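**Q**
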Ligand SMILES: *Cc1c(COP(=O)(O)O)cnc(C)c1O
């Protein structure tokens, strides 16, 4: 048996070799080869990740941290090895700074309820930005409602970049937490996160970065960033759904009360008093997604095997190619043109509804997202109800972009635009 979660490393030579690692790319949709450009919603999985989940259930399935028997030990070892791998991937100082959660959404809710809620008082402020995903808005609105704290929003400019001057002005002595995306899912803007963290820390405010998009497109080093919390989802970085990560500095996790109670998060329980487990298990009540965690580790091995710099350079080339091609289409308006940008092409085409564009593209074999991308305030900021969003991954090619452009030509024929 191969060790859990290990298979051949990806071939670093070129995208055709990477594509061969993703079985789903061989699918046909509506009689055409699949062109998958909806990676901002979720990424496809390499065979090694699919194999890792499968191998876990075939050879190692047991509950973790419990059994004395061999399978349980094997499962526990693989689960904790995945945690260590994730810590290395984002350069956390210690594996116990990695809390397994369901995804970015759960990670942010955990911070809102366990870190923010106990200390927030009326008049305290939480600072977010105008380019956030609903997952980095609603949990803060909820905790503000629960505590009387106030939600402040840093505006963005017409390119979709953060208004850095406004950020500095909105940071005050009342700011208790800054929660900002690393890479905006509806716009592609990359935020100047080092500056954001430094300015917040100068005011004594910790920073949570929503890394749901960034994790698959940019090298992430939480120690270099010096962020206090970093959240991401496995499924957006070639791993499974239902598993995600909250990174937090150990001292913060130590000081935070547990969020959910149950098994695994305790050291001892009597009816009089329960002693909580050490971090990170204090935050992992109940049986976790063991297979998912292990397979996420495999996904990060896959990314490491190619190299994030190599992936980022490949995607930057595609982004430039696609931006030029889209801008040459009459009536097409790109939404999100920040100078620092990655992997997201959001646009509207004349007054054709985004869903109609998406449907015609689908019949062309091209999968994109059409809608508000869980970022309705971004749509309002740009005065559109919805956009079409093509989003890139390591396995996309110029041919994929050409298929998108060809499909948009078909849209213009149908709608006479
Ligand atoms: C996808 C996404 C989320 C939510 O991730 P889930 O996996 O649905 O929890 C949050 N923020 C951003 C920027 C995203 O792209």
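Numbering (our numbering), first residue to last: 86 to 502. Every residue, glycine too, gets a C-beta built ideally from N, C-alpha and C. All of these numbers come straight from a predicted model, not from anything done at the bench.
Give me the Cα-Cα distance between residue 253 and residue 188, rounded to the nearest whole angstrom.
**A** Taking the straight line from one Cα to the other gives about 30 Å.
**Q** Look up residue 266 in the DSSP assignment and give the residues it is bridged to.
**A** Per DSSP, 295.
**Q** Considering residue 237, what are the terminal residues of the alpha helix (DSSP H) in which it resides?
**A** Taken as a continuous stretch (DSSP letters only), residue 237 belongs to no alpha helix (DSSP H), being part of the beta strand (DSSP E) at 235 to 239.
**Q** Check the C-beta distance from residue 272 over to residue 216 and give it rounded, since I have them as a contact under 8 Å.
**A** Residue 272 to residue 216, Cβ: 6 Å. Contact.
**Q** Starting from residue 364, trace the beta strand (DSSP E) both ways and give me its first and last residue.
**A** Careful: residue 364 lies outside any beta strand (DSSP E) and carries neither H nor E.
**Q** So what does DSSP say about residue 319, is it helix, strand or coil?
**A** In this structure, residue 319 counts as helix in the three-state DSSP scheme.
**Q** Is residue 503 near ligand 1, going by C-beta to nearest heavy atom under 7 Å?
**A** The question about residue 503 has no answer, for the chain in this structure spans 86 to 502.
**Q** Along the beta strand (DSSP E) that carries residue 474, what are the first and last residues, could you check?
**A** 472 to 476 is the extent of the beta strand (DSSP E) around residue 474.
**Q** Going by the C-beta, is residue 154 closer than 7 Å to any heavy atom of ligand 1?
**A** Residue 154: no, Cβ never under 7 Å from ligand 1.
**Q** Using CA coordinates, which residue listed in 99, 320, 285 is at the minimum distance from residue 299?
**A** Nearest option by C-alpha distance: 320.
**Q** Is residue 259 near ligand 1, going by C-beta to nearest heavy atom under 7 Å?
**A** Not under cutoff, so the answer is no.
**Q** How many angstroms separate the CA atom of residue 351 from the CA atom of residue 375?
**A** Distance between the alpha carbons of residue 351 and residue 375 is about 18 Å.
**Q** Shorter than 7 Å, the distance from the beta carbon of residue 214 to the closest heavy atom of ligand 1, or not?
**A** Not so, every heavy atom of ligand 1 lies at least 7 Å from the Cβ.
**Q** Would you kindly work out how many angstroms separate the C-alpha atoms of residue 337 and residue 208, rounded to a whole number?
**A** Straight-line Cα distance between these residues: approximately 23 Å.
**Q** Can you find a heavy atom of ligand 1 that lies under 7 Å from the Cβ of residue 297?
**A** Checking every heavy atom of ligand 1 against the Cβ of residue 297, one is found closer than 7 Å.
**Q** Under 7 Å from any heavy atom of ligand 1, does the C-beta of residue 190 make it?
**A** Checking every heavy atom of ligand 1 against the Cβ of residue 190, one is found closer than 7 Å.
**Q** How is the alpha helix (DSSP H) around residue 332 delimited, first residue to last?
**A** No alpha helix (DSSP H) holds residue 332; the beta strand (DSSP E) holding it covers 329 to 333.
**Q** Using DSSP with H/G/I as helix, E/B as strand and the rest coil, what is residue 112?
**A** Here residue 112 sits in coil by DSSP.
**Q** Please confirm if the segment 394 to 406 is in contact with the segment 361 to 370, defined as three or more CB-CB distances below 8 Å between the two stretches.
**A** The answer is no - the segment 361 to 370 does not touch the segment 394 to 406, with fewer than three Cβ pairs under 8 Å.
**Q** So with Cβ pairs under 8 Å, would you call residue 150 a contact of chain E?
**A** No chain E is part of this structure, which consists of one protein chain only.
**Q** Relative to the C-alpha of residue 452, which residue among 462, 238, 421, 492 is closest?
**A** Measuring from the Cα of residue 452, the nearest candidate turns out to be 492.
**Q** Just reading off the beta strand (DSSP E) that residue 417 is part of, what are its end residues?
**A** Run containing residue 417: 417 to 420, per the beta strand (DSSP E) assignment.
**Q** Taking the alpha carbon of residue 180 as the reference point, which residue from 484, 331, 245 has its own alpha carbon closest?
**A** It is 331.
**Q** Look at the Cβ atom of residue 238, then the Cβ atom of residue 213, and state whether they are nearer than 8 Å.
**A** Yes. Within cutoff.
**Q** For residue 153 and residue 161, which I take to be in contact (beta-carbon distance under 8 Å), what is that distance rounded to the nearest angstrom?
**A** That pair is no contact at about 11 Å.
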